Amino acid sequence: MSPRPPRTNRQEIVRAAIALIDADGIDSFSMRRLASAMGVDPMTLYHHLPNRAALLDAVVDELWSSIELGEPAPGTEWRESLAGLAHRLRGVLLEHPRLIALVGTRPAVTPHMLTTIDRVLGWLDRDGLAPAEALRLLDCVTGYVVGKVQGELRRPVGGPGVSVDTALEAADGTSHPHLTRALATGYGWSPDEEFARGLDAMLGGWGDGPVPPERR
């Protein structure tokens with residue numbers, strides 16, 4: 002590959018980093034590999050971003066900026082607004098499965114993340130949710146989306162082992178009676194349906210307060 006001119010910009014670097022992580026994963030990602038892929042000297046990258054951590058934060062920020070965050074229509078109930086945000090975030094994560102760990106673990110300190118949080122809190126405030134309670138709810142919704150998508154993709158840390166189908170085929174009514182019954186009476190893995198039902202259950206149950214210890 003012929004080298005490109007050393008002139009580049011921050012957004013070009015971030016988008017190239019996303020493409021490289023999408024292709025090869027985060028474990029093998031480095032500033033040097035990114036510079037090589039872009040055909041520039043590594044020091045060119047450091048002119049725009051001081052270190053790898055700053056670049057990874059910028060990658061997460063770029064993903065958040067890609068989420069369409071239109072203003073809810075008048076009369077839209079807060080649960081519907083949050084459900085829309087959750088489904089859009091899920092869509093972005095499914096497009097970039099190797100970036101899910103970054104989204105789930107990088108702190109919410111980047112410009113687009115903070116702007117998104119503030120705008121959503123504004124929606125919830127208009128609907129009467131107390132600011133601290135609204136932020137707790139947003140934390141839970143975001144955590145649900147990240148965790149559920151990670152489970153949907155079934156990319157085990159350390160590489161593949163025994164497949165789910167193989168493990169379930171080995172289960173029988175004697176060793177795992179309740180699991181066998183569930184599988185035999187209509188269970189079918191449906192990520193879209195499970196995501197939507199779980200999200201609806203969380204949002205529908207919010208506002209009743211924590212479950213007392215004696216009822217857990």
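In this text, residue positions in the sequence shown follow our numbering: the first is 2, and each later residue adds one. Quick reminder that beta carbons are idealized off the backbone N, C-alpha and C, glycines included. Just so it is clear, the structure is predicted and the values come from calculations on it, not from any experiment.
CA-to-CA distance, residue j to residue i, given in whole angstroms
i	j	result
Leu70	Ala172	45 angstroms
Ala18	Arg89	22 angstroms
Leu125	Pro132	8 angstroms
Glu194	Thr45	46 angstroms
Gly129	Ser176	50 angstroms
Leu100	Ile68	15 angstroms
Asp25	Gly105	19 angstroms
His179	Asp166	17 angstroms
Ala55	Glu96	22 angstroms
Gly162	Gly187	26 angstroms
Arg5	Glu13	Model confidence at Arg5 stands at a pLDDT of 49, short of 50, so the residue's coordinates are unreliable; what they give is reported in the following sentence. So the two alpha carbons sit approximately 13 angstroms from each other.
Val212	Phe196	Only weak support is given to the placement of Val212: the predicted model assigns it a pLDDT of 46, under 50, and the value that follows is read from those uncertain coordinates. So the alpha carbons of these two residues sit roughly 23 angstroms apart.
Helix, strand or coil at residue i according to DSSP, with G and I counted as helix
i	result
Thr106	helix
Ser220	The displayed coordinates of the chain run from 2 to 217. Any statement about residue 220 would go beyond what the structure contains.
His97	coil
Asp126	helix
His48	helix
Leu70	coil
Glu78	coil
Asp42	coil
Asp28	coil
Tyr145	helix
Trp190	coil
His177	coil
Arg137	helix
Check whether residue i and residue j have beta carbons under 9 angstroms apart
i	j	result
Arg91	His49	no
Leu184	Val147	no
Leu200	Val121	no
Arg156	Pro98	yes
Ile22	Leu154	no
Gly189	Arg182	no
Leu138	Ile118	no
Arg107	Glu63	no
Pro75	Gly85	no
Closer than 8 angstroms: residue i CB and nearest the ligand MG heavy atom
i	result
Arg34	Judged by which ligands are present, the structure shown has none, so any question about the ligand MG falls away.
- Query: Do the segment 46-61 and the segment 106-115 touch if we need at least three Cβ pairs shorter than 8 angstroms?
  - Reply: The segment 46-61 vs the segment 106-115: in contact.
- Message: Assess contact between the segment 64-83 and the segment 24-44, defined as three or more Cβ pairs (one per stretch) separated by less than 8 angstroms. Is contact present?
- Response: No, because fewer than three Cβ pairs between the segment 64-83 and the segment 24-44 fall closer than 8 angstroms, the two stretches do not touch.
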